[in-house]
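Worksheet: one structure, shown below.
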Amino acid sequence: MSNKLDKRKTSFVIFIFTMIFFYLPLIVLIIYSFNDGKGMVWNGFSLRWYKELFKHSSNIWKAFYYSIFIALISSLVSTVIGTFGAIALKWFDFRGKKYLKNMSVLPLVVPDIIIGVSLLIMFATLKFKLGITTIFIAHTTFNIPYVLFIVLSRLDEFDYSIVEAAYDLGATNRQTLTKVIIPMLLPAIISAFLMALTLSFDDFVITFFVSGPGSSTLPLRIYSMIRLGVSPVVNALSVILIVISILLTLSTKKLQKNFLK
0 MSNKLDKRKT SFVIFIFTMI FFYLPLIVLI IYSFNDGKGM VWNGFSLRWY KELFKHSSNI
60 WKAFYYSIFI ALISSLVSTV IGTFGAIALK WFDFRGKKYL KNMSVLPLVV PDIIIGVSLL
120 IMFATLKFKL GITTIFIAHT TFNIPYVLFI VLSRLDEFDY SIVEAAYDLG ATNRQTLTKV
180 IIPMLLPAII SAFLMALTLS FDDFVITFFV SGPGSSTLPL RIYSMIRLGV SPVVNALSVI
240 LIVISILLTL STKKLQKNFL K
């Protein structure tokens, strides 16, 4: 009995330290976003940096809009391609199927810097002008495998007899796809889309290699701002992003519950 209690206490202590390790930096960041001074010395409560962010930081918001636009478009495209790719790999037989599935794992394990350099070389070879288009292509490319394997994991639990029943009742391929398969996969598709959205919005390394003049995303803009020291405006921006992430997570959970009812 005492051994079990000791194990529980040890687990609880490890859990507490893990939570402190994860959330203490965020708490410090939130506190100092309201600091009137620029340094780590507390000079009093102020909304100075939030005013600076919303009134005098047009470059940040331009980069933010670029990031949102690219993340949404690339996530939508990669979700569509990844979903249909997962269905094809699961239920269709074709030459090279096993090879294609194994190759799809590579972008998940290859370092981002390798992917970024290889894409840069490809765009340079094809004489593609670096900019929004190349960032979109790059983000779509590295998002597809994540979507593919999230949807595949859902398909592994999928009862194919439901599809056979739809065919027996006279449903066409299109009707079966749109009214049976897609609705059953919807929670996984939403999760895959949100994963792709987060990865695209947050990506720095690959975007650094494939971006061009005038196409700076938010991670690149923040990097350029903090090279000479952390700007308090970045603290305020980070708090805004944390709030958006929390609201998005809560709304997503509610949305998925509604779909599962």
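Okay, so the sequence shown: first residue is 0 according to numbering that gives the first Met the number 0, each after it adds one.
Beta carbons are placed, not taken as given, at the ideal position from N, Cα and C, and that holds for glycine.
Proximity of residue i and residue j at Cβ, strictly below 9 Å
i: residue 139; j: residue 80; result: yes
i: residue 185; j: residue 154; result: no
i: residue 83; j: residue 111; result: no
i: residue 49; j: residue 32; result: yes
i: residue 149; j: residue 103; result: no
i: residue 62; j: residue 240; result: no
i: residue 118; j: residue 136; result: yes
i: residue 78; j: residue 188; result: yes
Residues near residue i by beta carbon distance below 7 Å, same chain, minus five either side
i: residue 221; result: 233
i: residue 129; result: 122, 209, 210, 211
i: residue 162; result: 175, 179, 180
i: residue 56; result: 232
i: residue 60; result: none
i: residue 58; result: 220
Nearest neighbour of residue i, chosen from the options [CA to CA]
i: residue 145; options: 219, 216, 108; result: 108
i: residue 41; options: 166, 30, 7; result: 30
i: residue 206; options: 176, 165, 169, 115; result: 115
i: residue 22; options: 250, 44, 238; result: 238
i: residue 242; options: 26, 7, 8, 12; result: 26
Cα-Cα separation between residue i and residue j, rounded to whole angstroms
i: residue 101; j: residue 182; result: 27 Å
i: residue 199; j: residue 171; result: 36 Å
i: residue 53; j: residue 10; result: 44 Å
i: residue 193; j: residue 87; result: 22 Å
i: residue 97; j: residue 120; result: 28 Å
i: residue 15; j: residue 248; result: 23 Å
i: residue 99; j: residue 90; result: 14 Å
i: residue 35; j: residue 236; result: 15 Å
i: residue 20; j: residue 85; result: 37 Å
i: residue 127; j: residue 134; result: 11 Å
i: residue 151; j: residue 51; result: 46 Å
i: residue 167; j: residue 147; result: 28 Å
i: residue 201; j: residue 44; result: 30 Å
i: residue 246; j: residue 203; result: 23 Å
i: residue 158; j: residue 173; result: 18 Å
i: residue 24; j: residue 132; result: 35 Å
i: residue 244; j: residue 64; result: 16 Å
i: residue 267; j: residue 68; result: For the chain, the structure presents residues 0 to 260; residue 267 sits outside this window and is missing.
i: residue 124; j: residue 250; result: 43 Å
i: residue 177; j: residue 156; result: 19 Å
i: residue 38; j: residue 223; result: 19 Å
i: residue 7; j: residue 13; result: 10 Å
i: residue 215; j: residue 230; result: 18 Å
i: residue 160; j: residue 169; result: 14 Å
Contacts around residue i, its chain only, beta-carbon distance under 8 Å, and the 5 residues preceding and following it disregarded
i: residue 213; result: 130
i: residue 196; result: 70, 71, 74
i: residue 46; result: 33
i: residue 93; result: 87
i: residue 219; result: 62, 203, 206, 207, 210
i: residue 95; result: none
Cut-off 6 Å between Cβ atoms - residues of its own chain near residue i, not counting five sequence neighbours on either side
i: residue 28; result: 234, 237
i: residue 106; result: 141, 144
i: residue 165; result: 175, 179
**OP:** Go through the stretch 103-138 residue by residue and report every complete run of the alpha helix (DSSP H) that reaches 4 residues or more, in order.
**Re:** 111-124
To test your reading of the DSSP string, which unbroken alpha helix (DSSP H) runs of 4 or more residues are found completely within the stretch 24-63?
47-54
Uninterrupted alpha helix (DSSP H) stretches inside the stretch 155-195 (no shorter than 4 residues): 160-167, 172-175
Please give the ranges of any alpha helix (DSSP H) in the stretch 198-245, keeping only runs that are unbroken, at least 4 residues long and fully inside the region. 204-209, 217-225
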